[in-house]
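Student: Can you read through this structure? Questions will come right after.
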Amino acid sequence: MPTTNLTGWTLAFSDDFLGSSLSYPSWFKYGGTLWDGSHVIVAAGLLELQSYQDPNFNNTWKSGGVSTIQGYGSNSTYGKYLARQRVDPGYGISAIALLWPSDNSWPPEIDFYEDGGGSVFDNGVRDSTSATFHFNSYNNQTTQYLRNVNFTQWHTMGVEWTPGKLVYTIDDQIWGTVQSNDVPNISMGLALQTQAGTASSNWNPIPNNSTPSMVTMQIDWVVIYAWNPQQTSSVNFGDTVHRNNAIILYFIFLVATHRTKVV
């Protein structure tokens, strides 16, 4: 886990999950219809977000999700966010790392790792991901896709958020960028979640007979840097990912869509 400042970035928050529970009051566990706090586990140096049919809820699918809390170094306007993570395969179980407004005034939303568990290009095998920037009152979206990467293995997913720009990274390599006046300039925090599809969902499919009885997203560590505009960013744009197995597609969606994402 990174432990020092970088050029252009000041270390503001980190967690390597070495205890037996989440560090309070830095983190908040999701609740509600799709999630329950009992599906958030900290053990063996890992944060686990577990999705399974919970006998305490009539065997309905419940998942785990967490978000940072404003006021403890994690929420800010602009920053560099990194999460070392992996996800079990599982049809109908999404896994997401995102930035969410501190005051819950959605949109905007910045999804820098998003696997729908069977939506768009994948079938739950975790061989692709997307990054979606949601903006303005119409929920317009800019989405980019990264394919043919095994996300059941460990990767460090990240986003660098500065005025007018988003830079998406995997293992310290750039794989996508957004440059727009719509990039937000409000306080946002980090959220990590899994989510089982439901009959009312218009985004990810419902788990089926192929879905394992438990699907887990594991996070080894999280690091958040504050942006230091007095210095030059540590990212060298010459380091952009060049690989035959990575295909980046760009889409602009001008039609508002609905997605359940409650923090």
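Residues 62 to 324 in our numbering are what the sequence shown lists, from first letter to last.
Backbone N, C-alpha and C define an ideal beta-carbon position, used for all residues, glycine too.
Please read these numbers as outputs of a predicted model, since none were measured by experiment.
#1: Write down the C-beta distance between Leu110 and His100 rounded to the nearest angstrom, noting that I regard them as a contact closer than 8 Å.
#2: Bridge partners for Arg187 per DSSP, in chain order?
#3: Just list the residues that DSSP pairs Trp288 with in beta bridges.
#4: According to DSSP, simplified to helix, strand and coil, what is Pro162?
#5: Could you pull the DSSP bridge partners for Thr255 from this structure?
#6: Would you mind working out which of Ser112, Leu251, Gly179 and Tyr113 sits nearest Gly140, comparing C-alpha positions?
#7: Which residues in the same chain as His216 place their Cβ atom closer than 8 Å to its Cβ, once the five residues preceding and following it in sequence are excluded?
#8: Could you check the C-alpha separation between Asn265 and Ser75 for me, to the nearest Å?
#9: Count the CB pairs spanning the segment 150-168 and the segment 253-270 that are closer than 8 Å, and state whether there are at least three.
#10: Which one of Gly179, Trp96 and Asn197 has the shortest CA to CA distance from Pro169?
#11: Along the chain, where does the beta strand (DSSP E) containing Asn216 start, and where does it finish?
#12: Can you list, in chain order, the residues of its chain whose CB lies under 7 Å from that of His195, leaving out five sequence neighbours each side?
#13: Opposite Thr277 in the DSSP bridges: which residues?
#14: Based on Cα-Cα distance, which residue from Ser87, Thr68, Thr71 and Trp70 lies nearest to Asp77?
#15: How should Ala158 be labelled, buried or exposed, when 16 other C-beta atoms within 10 angstroms of its C-beta is the threshold for buried?
#16: Anyone know if the C-beta pair for Thr129 and Ile247 falls short of 9 Å?
#17: Could you check which residue in Val244, Ser274 and Asp172 has the C-alpha nearest to that of Gly219?
#18: Determine which residues share a DSSP beta bridge with Gln234 and list them.
#19: Measuring only the C-alpha atoms, how far is Ser82 from Lys123?
#20: In or out: Gly177 buried (at least 16 other Cβ within 10 Å) or exposed?
#21: Alpha carbon to alpha carbon, how far is Val283 from Asp115? Give it in angstroms, no decimals.
#22: What residue from Ser163, Pro290, Ala257 and Ser271 has the CA that sits closest to Trp96's CA?
#23: Give the range of the beta strand (DSSP E) segment to which Val127 is assigned.
#24: By DSSP, does Phe78 sit in helix, in strand, or in coil?
Tutor: The short version:
#1: By one-based count along the sequence shown, residue 110 stands at place 49. By one-based count along the sequence shown, residue 100 stands at place 39. Their Cβ separation, rounded to whole angstroms, is 7 Å, which keeps Leu110 and His100 in contact under 8 Å.
#2: Taking the first residue of the sequence shown as position 1, residue 187 is located at position 126. Arg187 is not bridged to any residue.
#3: Start at 1 with the first residue of the sequence shown, and residue 288 comes out as number 227. Looking at the DSSP assignment, Trp288 forms a beta bridge with Trp70.
#4: In the sequence shown, the residue the question calls residue 162 occupies position 101. If DSSP states are grouped into helix, strand and coil, Pro162 belongs with the strands.
#5: To locate residue 255, count along the sequence shown from 1; it is residue 194. Looking at the DSSP assignment, Thr255 forms a beta bridge with Ala156.
#6: Numbered from its first residue, the sequence shown carries residue 140 at position 79. Ranking the options by Cα distance to Gly140, first place goes to Leu251.
#7: As a working mapping, residue 216 is identified with position 155 in the sequence shown. Excluding sequence neighbours, His216 sits near Arg145, Gln146, Arg147, Val210, Ile231 and Asp232.
#8: Position 204 of the sequence shown, counted from the first residue, corresponds to residue 265. Position 14 of the sequence shown, counted from the first residue, corresponds to residue 75. For Asn265 and Ser75, the distance between alpha carbons rounds to 30 Å.
#9: Contact holds: three or more Cβ-Cβ distances are below 8 Å.
#10: Stepping through the sequence shown from its first residue, residue 169 is reached at position 108. Among Gly179, Trp96 and Asn197, the Cα nearest to that of Pro169 belongs to Asn197.
#11: Residue numbering aside, residue 216 sits at position 155 when the sequence shown is read from its first letter. The sequence shown places His at residue 216, not Asn. His216 to Thr223 is the extent of the beta strand (DSSP E) around His216.
#12: Taking the first residue of the sequence shown as 1, we reach residue 195 at position 134. Contacts found: Pro168, Pro169, Glu170 and Gln202.
#13: In the sequence shown, the residue the question calls residue 277 occupies position 216. Per DSSP, Gln111.
#14: The residue labelled residue 77 in the question sits at position 16 within the sequence shown. Nearest C-alpha to Asp77: Ser87.
#15: If you number the sequence shown from 1, residue 158 lands on position 97. The residue in question, Ala158, is buried, as its Cβ has 16 or more Cβ neighbours within 10 Å.
#16: Position 68 of the sequence shown, counted from the start, is the residue given in the question as residue 129. Position 186 of the sequence shown, counted from the start, is the residue given in the question as residue 247. Not a contact, by the Cβ cut-off of 9 Å.
#17: The count along the sequence shown starts at 1 and reaches residue 219 at position 158. Answer by Cα proximity: Asp172.
#18: Here residue 234 corresponds to residue number 173 of the sequence shown, with the count starting at 1. Paired residue(s): Ile231.
#19: Residue 82 sits at position 21 when you count from the first residue of the sequence shown. Residue 123 sits at position 62 when you count from the first residue of the sequence shown. C-alpha separation (whole angstroms): 19 Å.
#20: As a working mapping, residue 177 is identified with position 116 in the sequence shown. Gly177 should be labelled buried.
#21: Here residue 115 is taken as the residue at index 54 of the sequence shown, counted from 1. Here residue 283 is taken as the residue at index 222 of the sequence shown, counted from 1. Each residue's Cα considered, the two are about 27 Å apart.
#22: Position 35 of the sequence shown, counted from the start, is the residue given in the question as residue 96. The shortest C-alpha separation from Trp96 is found at Ala257.
#23: By 1-based counting over the sequence shown, the position of residue 127 is 66. Element bounds for Val127: Gly126 to Thr129.
#24: The residue you call residue 78 lines up with position 17 of the sequence shown. Looking at Phe78 - three-state DSSP - the assignment turns out to be coil, as it is neither helix nor strand.
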